[in-house]
Amino acid sequence: MTELKVVCITGAARRIGATIARTFHRQGFSVIIHYHRSTDAAEELVTELNRGRASSAQSLQADLCNSKQVQTMGSQALEIFGRLDVLINNASSFYPTELGEISDAIWDELIDSNLRGAFFLSRDLSTELKRTRGAIVNIIDTHADHPLRGYPIYCIAKAGLKAMTKSLALELAPRVRVNAVSPGAILWSETLEDDGDQLAAAAREKILQKIPLGCLGKPEHIAAVAYFLACHGHYLTGQVIKVDGGSSLS
Ligand SMILES: NC(=O)c1ccc[n+]([C@@H]2O[C@H](COP(=O)([O-])OP(=O)(O)OC[C@H]3O[C@@H](n4cnc5c(N)ncnc54)[C@H](OP(=O)(O)O)[C@@H]3O)[C@@H](O)[C@H]2O)c1
């Protein structure tokens, strides 16, 4: 009997990460749901996936800002199903940073959760990914290329993740392919979510007006491209695909 392929997705308890997990699971993958604070959501998703197929999902908790926890997570991820075929670096913290008020702690949190953790996890899992001729998919942001005013550290971190995609594509070739999806506006951030807040409504309208396709993207759009890059893009490496409804054209 052939072993099932295994994907590990960081920040997968909720939102886009959870949709990526469901997408890979539907295609027959065993799924490792990494989470940081969303314990209940992670356990609910694991239960949902295991109800569909027994013993096909497991959660794994780690703070990607903590080097020791990243290291431990790497070895635990390999132990869970005994192999790894795909790593999706999706976890991220995202909040505005006023230039004059940026502390070392804020820098560290945004850089570590978006970039440093992804780098060391990729490095630590690369031996296994070479063995399985696997793939890494990084979830970036179109703001890596066109910075979002008020979010300099987040944009620096995502630009680093883009550079990491290309560097690791070279370092890990020919056995591991490394690509990225760069989403535009997919789900509103918590600050823009509030339907009763007029400022948030105006900000949402301003964003929508700049999207040629005229609407937000869906988590499924990101998951489909991540799945394509991991499983069908056999001659693709070091590439970044923008999934942004055309926003970055102007
Ligand atoms: N939403 C969009 O429209 C959009 C647009 C452009 C790019 N993106 C990118 O797409 C990806 C998914 O977006 P999203 O909006 O679904 O993400 P999100 O909800 O903002 O964050 C995903 C997860 O990252 C985890 N995380 C944060 N800090 C962490 C840390 N220190 N250690 C470990 N995990 C940590 C959180 O896990 P816990 O909840 O378990 O704590 C969180 O659920 C992100 O990389 C984001 O930058 C999203």
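Going by our numbering, the first residue of the sequence shown is number -4, and it counts up by one from there. C-beta atoms are modelled at their ideal positions from N, C-alpha and C, and glycine is treated no differently.
Distance between Pro214 and Phe223, taken at the CA atoms: about 14 Å. Residue burial is scored here from C-beta neighbours: Leu94 has fewer than 16 other C-beta atoms within 10 angstroms and is therefore classed as exposed. Excluding five sequence positions before and after Thr232, the CB atoms of its chain that fall closer than 8 Å to its own CB belong to Ala164, Ala168, Arg172, Val173, Asn174, given in chain order. Ranked by how close their Cα comes to the Cα of Ser25, the residues Lys0, Val238, Ser184, Lys161 have Lys0 in first place. Partner residues in the beta bridge of Ile4, as assigned by DSSP, are Ile28, Ile83. Look at Ala139 here: in three-state DSSP terms it is helix. With respect to Ala7, Ile28 sits close: the two C-beta atoms are nearer than 8 Å. When the Cα atoms are used, Leu120 and Gly69 turn out to be separated by approximately 6 Å. Excluding residues up to 5 positions away in sequence, Leu82, Ser117, Val173 lie with their Cβ nearer than 6 Å to the Cβ of Ile131 in the same chain. Boundaries of the alpha helix (DSSP H) harbouring Ala197: 193 to 204, taken from the DSSP string. Nearest to Lys157 by alpha-carbon distance, out of His31, Ala180, Ala113, is Ala113.
When DSSP states are grouped into helix, strand and coil, Arg126 belongs to the helix group.
Annotated as proximal: Gly129 and Asp80, with beta-carbon spacing under 8 Å.
The Cβ atoms of Ser162 and Phe115 lie no closer than 8 Å to each other. Taking a C-beta distance under 8 Å as the contact criterion, Ser108 and Leu59 qualify as a contact pair. Setting aside the 5 residues that flank it on each side, Leu55 is surrounded in the same chain by Cys3, Ile27, Ile28, His29, Tyr30, Met68, Gln71, Ala72, Ile75, each with a C-beta closer than 8 Å to its C-beta; the list follows chain order.
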